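Down below is the structure, laid out as structure tokens.
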Amino acid sequence: MQFSCALDSTGHPYCWGRNSNGQIGVNSDGAWYARPISVFTP
């Protein structure tokens, strides 16, 4: 695994790491996120 996700104190998800195939769920072409990125959830 080359990415991780966690919830903040309110239950909102954040992910970081490799995103070359969109696996961290952000709407971006960025291949790598070193800092947590807020992830949209429906």
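If you read the sequence shown in my numbering, its first letter stands for residue 16, the second for the next number, and so on. Don't be surprised by glycine CBs; every beta carbon is placed ideally from N, CA and C. Computed from a prediction, not measured in an experiment: that's the story for all the values here.
Nearest residue (CA-CA) to residue i, options the options
i	options	result
S53	Q17, M16 and A21	A21
With 16 other Cβ atoms within 10 Å as the buried cut-off, status of residue i
i	result
N42	exposed
N36	exposed
Beta-bridge pairing of residue i - partner residues as DSSP gives them
i	result
P57	DSSP, once it has assigned bridges, lists no residue as partnering P57.
P28	L22
R50	None; R50 has no bridge partner.
Simplified DSSP state of residue i, which is helix, strand or coil
i	result
S19	strand
G40	coil
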